[in-house]
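Line by line, the protein sequences are chains F and V.
Start counting at 1 in the first sequence, then tack on 41, and there's your number in this note's numbering.
Start counting at 1 in the second sequence, then tack on 293, and there's your number in this note's numbering.
For each residue, glycine too, the CB sits at the ideal point set by N, CA and C.
Below: the structure, in structure tokens.
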Amino acid sequence: MCNTCGCNVTDANRHLLDEHHDHHHGHDHHAAEAGTAAAGGSVAVLKRLLDANDHEAAHNREHFDEYGVLAINLMSSPGSGKTRLLEATIEALGGELRIGVIEGDLETENDAARIRAKGVPAHQITTGTACHLDAHMIHHALHHVPLRGLDVLFIENVGNLVCPASFDLGQHRNVTLLSVTEGDDKPAKYPVMFRAADLMLITKTDLLAVIDEFSPGRATHAFRALAQESPVLAVSAKTGAGLETWLAWLRSEVAAQKTRAAAGETIRPKVQSDGVAQHSLGAA
Amino acid sequence: MHELSVCQALVDQLRDLATRESAQRITRVLLRVGPLSGVVPDLLAHAFPIAAAETIAEGAALAIEDARVRVRCRTCGAETDAEPGSLVCGGCGDFRTDLVSGDELLLVSVELER
Chain F
42 MCNTCGCNVT
52 DANRHLLDEH
62 HDHHHGHDHH
72 AAEAGTAAAG
82 GSVAVLKRLL
92 DANDHEAAHN
102 REHFDEYGVL
112 AINLMSSPGS
122 GKTRLLEATI
132 EALGGELRIG
142 VIEGDLETEN
152 DAARIRAKGV
162 PAHQITTGTA
172 CHLDAHMIHH
182 ALHHVPLRGL
192 DVLFIENVGN
202 LVCPASFDLG
212 QHRNVTLLSV
222 TEGDDKPAKY
232 PVMFRAADLM
242 LITKTDLLAV
252 IDEFSPGRAT
262 HAFRALAQES
272 PVLAVSAKTG
282 AGLETWLAWL
292 RSEVAAQKTR
302 AAAGETIRPK
312 VQSDGVAQHS
322 LGAA
Chain V
294 MHELSVCQAL
304 VDQLRDLATR
314 ESAQRITRVL
324 LRVGPLSGVV
334 PDLLAHAFPI
344 AAAETIAEGA
354 ALAIEDARVR
364 VRCRTCGAET
374 DAEPGSLVCG
384 GCGDFRTDLV
394 SGDELLLVSV
404 ELER
């Protein structure tokens with residue numbers, strides 16, 4: 042099990058294990074917020090466990106905003122069509138938007154090669170055995186993906202409906218894919234992931250003709266039961282059905298990001314830490 | 294599956310805290326982990342000794358307090374218990390609710406020796 046054997050130690054998080062890492066964490070923001078020691082040697086902290094990742098994510102977001110680039114985190118199970126969606130999107134846009142892609146997989150350059158074959162710059166992160174991307178990995182990847190001149194950067198996360206939802210990467214929007222072969226109760230089974238979605242995209246709808254067990258209505262109902270008001274769209278990257286609605290959402294988000302960036306504002310995706318920020322840490 | 298990564302981040306925070314407080318040893322760590330945090334408390338408890346080995350947190354007791362899933366309805370205003378997979382209002386059934394608690398992933402407090 043990767044939670045106990047240590048196999049999800051990666052280049053990006055190894056420094057967390059390193060005894061001699063003080064130079065990484067000497068900045069001011071890591072020194073803040075701790076309470077003073079009370080009698081008995083008990084120190085109140087009340088700080089997010091993933092605080093270091095959150096700070097790195099905020100830095101990434103600043104980079105995206107500096108260049109006016111919209112960053113979208115694509116999350117789903119393995120094989121639900123994330124790369125195929127990107128290929129279809131690139132083809133359908135025909136150069137209308139300037140796109141960059143960061144691909145996350147355990148092994149192989151296959152997905153980045155598929156994107157490059159469409160004429161779009163792509164950088165592959167191979168995580169080894171890690172089950173998710175984190176903000177440090179994205180920071181390193183940004184050295185290989187020039188943001189200048191891009192309209193949108195897609196980050197295709199590792200195929201996994203659990204872990205990626207817990208790590209902010211600095212993106213502005215989360216798009217969660219649900220393919221019709223997976224079952225329409227997935228939002229109820231994986232609430233942490235689907236709560237984080239700014240858009241749920243039902244994919245492979247061309248297969249609905251042969252998979253009548255899947256009801257887009259039931260999937261939407263399960264999604265709404267998570268107090269989710271985000272839009273739900275349905276597409277088939279294969280036939281192009283529904284693709285225009287997805288592109289319209291994308292265009293409007295790119296335009297909104299340019300407006301925000303010009304005004305010096307930013308936006309965070311729906312992530313699981315929002316409730317914590319609002320309710321457990323007060324207005325801080 | 295990502296609980297070890299979370300524990301490594303925790304140990305990192307404990308190291309910084311111990312340095313700041315001039316602590317020689319950390320004896321107890323209290324976390325608050327809600328069901329909607331995406332992290333499983335039992336797996337955290339298994340991973341912690343591995344992440345803490347040969348650090349200032351080695352041997353520290355890890356306590357994890359639960360957080361109930363609670364929602365407040367935007368329609369009727371009721372605050373009710375909910376389930377991780379169904380966050381609808383327990384009063385009127387409306388889905389338009391805000392999470393009051395349940396997604397915490399917090400380092401609450403640390404006991405240490407100087």
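Where residue i sits in the DSSP three-state scheme
i         : result
Phe255(F) : coil
Asp175(F) : coil
Gln306(V) : helix
Glu354(V) : In the sequence under discussion, the amino acid at residue 354(V) is Ala, which differs from the Glu named in the question. Of the three classes helix, strand and coil, the one that applies to Ala354(V) here is strand, per DSSP.
Thr312(V) : helix
Ala112(F) : strand
Asp152(F) : helix
Gly67(F)  : Bear in mind that a pLDDT of 36 at Gly67(F), under 50, signals an unreliable position, so the number given afterwards is only what the model happens to contain. Gly67(F): coil per DSSP, three-state reduction.
Leu392(V) : strand
Val332(V) : coil
Ile308(F) : coil
Asp359(V) : strand
Ile343(V) : helix
Thr244(F) : strand
Leu188(F) : coil
Ser277(F) : coil
Ala85(F)  : strand
Leu337(V) : helix
Ser298(V) : helix
Leu380(V) : coil
Residue of the options minimising C-alpha distance to residue i
i         : options                                       : result
Ser118(F) : Pro310(F), Met241(F) and Glu294(F)            : Met241(F)
Ser379(V) : Ala350(V), Leu329(V), Gln317(V) and Asp359(V) : Leu329(V)
Gly109(F) : Gly305(F), Asn215(F) and His185(F)            : Gly305(F)
Asp225(F) : Ala275(F), Cys172(F) and Asp192(F)            : Ala275(F)
Val299(V) : Thr246(F), Lys230(F) and Phe208(F)            : Phe208(F)
Thr368(V) : Glu296(V), Leu337(V) and Gly386(V)            : Gly386(V)
Gly82(F)  : Arg318(V), Gly327(V) and Glu358(V)            : Arg318(V)
Glu144(F) : Asp192(F), Glu137(F) and Met178(F)            : Met178(F)
Leu398(V) : Thr320(V), Asp391(V), Ala345(V) and Gly327(V) : Gly327(V)
Arg325(V) : Gly370(V), Leu355(V), Ile343(V) and Ala371(V) : Leu355(V)
Pro205(F) : Arg265(F), Thr168(F) and Pro257(F)            : Thr168(F)
Val203(F) : Leu291(F), Gly136(F) and Cys172(F)            : Cys172(F)
Leu336(V) : Ile343(V), Glu296(V) and Gly370(V)            : Glu296(V)
Boundaries of the beta strand (DSSP E) in which residue i is found, first to last residue
i         : result
Cys416(V) : With chain V covering only 294 through 407, there is no way to say anything about residue 416(V).
Gln212(F) : No beta strand (DSSP E) contains Gln212(F), which DSSP labels as neither H nor E.
Asp146(F) : Ile140 to Asp146
Glu372(V) : Glu372 to Asp374
His164(F) : Ala163 to Thr167
Glu404(V) : Leu398 to Glu406
Glu197(F) : Val193 to Glu197
Ile319(V) : Arg318 to Val326
Own chain partners of residue i with C-beta closer than 7 Å, once the 5 adjacent residues on each side are dropped
i         : result
Gly76(F)  : For Gly76(F), the pLDDT reaches just 48, beneath the cut-off of 50, and the residue's location in the model is therefore unreliable, leaving the point undetermined.
Asp106(F) : Ala302 and Thr307
Ser315(V) : Arg407
CB contact check: residue i to chain F, cutoff 9 Å
i         : result
Leu355(V) : no
Arg389(V) : yes
Gly384(V) : no
Pro377(V) : yes
Asp305(V) : yes
Gly352(V) : no
Asp396(V) : yes
Ala371(V) : no
Thr368(V) : no
Run of the alpha helix (DSSP H) containing residue i, from where it starts to where it stops
i         : result
Asn101(F) : Asp92 to Glu107
Val233(F) : Pro232 to Arg236
Ser293(F) : Leu284 to Ala303
Ala129(F) : Lys123 to Leu134
Any C-beta of chain V under 9 Å from that of residue i
i         : result
Glu270(F) : yes
Leu115(F) : no
His66(F)  : Note on His66(F): pLDDT 38, under 50, position unreliable in the model; no value is reported.
Asn151(F) : no
Ala229(F) : yes
Asn198(F) : no
Met241(F) : no
His173(F) : yes
Asn215(F) : no
Ala93(F)  : yes
Gly190(F) : no
Own chain partners of residue i with C-beta closer than 6 Å, once the 5 adjacent residues on each side are dropped
i         : result
Ala375(V) : Val362 and Val364
Thr261(F) : Val273
Ser277(F) : Thr246 and Asp247
8 Å Cβ shell around residue i - same chain, five flanking residues per side excluded
i         : result
His184(F) : none
Val295(F) : Leu111, Leu138, Asp192 and Val193
Leu339(F) : Because chain F here runs from 42 to 325, residue 339(F) falls outside it and cannot be looked at.
Leu249(F) : Val221, Phe255 and Pro257
Ile252(F) : Val221 and Thr222
The ligand FMN heavy atom lying under 8 Å from the CB of residue i
i         : result
Leu380(V) : Ligands in the displayed structure: none, and consequently the ligand FMN is not present.
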